[in-house]
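**Student:**
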Amino acid sequence: MRNAIGEQLTIDPRDIQIYVLGEHGDTQFPVWSHGNIGGLSVHEWLEKHPSFSEQDLGLIAEKVKNAAYDIIAAKGSTHYGIAISLARITRSILKDEHAVLPVSVHLEGQYQATDVCISSPPIVNSQGIREIIEMPLNESEQQ
58 MRNAIGEQLT IDPRDIQIYV LGEHGDTQFP VWSHGNIGGL SVHEWLEKHP
108 SFSEQDLGLI AEKVKNAAYD IIAAKGSTHY GIAISLARIT RSILKDEHAV
158 LPVSVHLEGQ YQATDVCISS PPIVNSQGIR EIIEMPLNES EQQ
């Protein structure tokens, strides 16, 4: 998501923070209401840069949603991306970093869901999942 937005806006992706929740693929969705671009909320960015619209965000979200299928069609699998993610999670556990990472977690009442695993940002440390951060979602994100 960060790379796609950064490419569109010609901004370093490290200056973009957008969480993507749900399961990877068809049911994933970006949490625009908590995202920021260069320190501005996504809403503020859109107001200051009218050449970039909510429609553009929707197109980027759709492109990212389908990226795994494109990678599989071209390379046969997504194992390199998975390996990079696993290395980052492992580092947080081994170094007790208390990092907030977008990983799949077992929900126990968060988002009014129980006994289901979805991607949601928890704090990851040497004990594994320390705490699941439940982001308040706006009405469209709850859909």
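Going left to right, the sequence shown walks through residues 58 to 200 as the numbering used here numbers them. Think of the CB as a built atom: it goes at the ideal place given N, C-alpha and C, for glycine as much as any other residue.
Using DSSP's beta-bridge definition, name the partner residues of Gln-74.
**Tutor:** DSSP lists Asn-93 as partners of Gln-74.
**Student:** Please state the DSSP three-state secondary structure of Leu-164.
**Tutor:** Strand at Leu-164.
**Student:** Can you find at least 3 beta carbon pairs, one from the region 90 to 97 and one from the region 62 to 75, that sit closer than 8 Å?
**Tutor:** Counting Cβ pairs under 8 Å, three or more are found: they touch.
**Student:** Which residues in the same chain have their Cβ closer than 6 Å to the Cβ of Ile-73, if we skip the five residues on either side of it in sequence?
**Tutor:** Closer than 6 Å at the Cβ level, and outside the excluded window around Ile-73, lie Arg-59, Ile-62, Gly-63 and Ile-94.
**Student:** Leaving out the 5 sequence neighbours to the left and right, which residues in its chain are closer than 7 Å to Asp-69 when beta-carbon positions are compared?
**Tutor:** So the list reads Gly-63, once near-sequence residues are dropped.
**Student:** Ile-141: which of Leu-158, Ala-131, Glu-154 and Gly-133 sits nearest, CA to CA?
**Tutor:** Per the Cα distances, Leu-158.
**Student:** Take the Cβ of Ser-149 as the centre, count every other Cβ of all protein chains shown within 10 Å, and call the residue buried at 16 or more, exposed below.
**Tutor:** It is buried - the Cβ of Ser-149 has at least 16 other Cβ atoms within 10 Å.
**Student:** Cα separation between Ser-176 and Trp-102?
**Tutor:** Roughly 26 Å separates the two Cα atoms.
**Student:** Using beta-carbon positions only, say whether Val-77 and Phe-86 come within less than 8 Å of one another.
**Tutor:** Yes, they are a contact pair.
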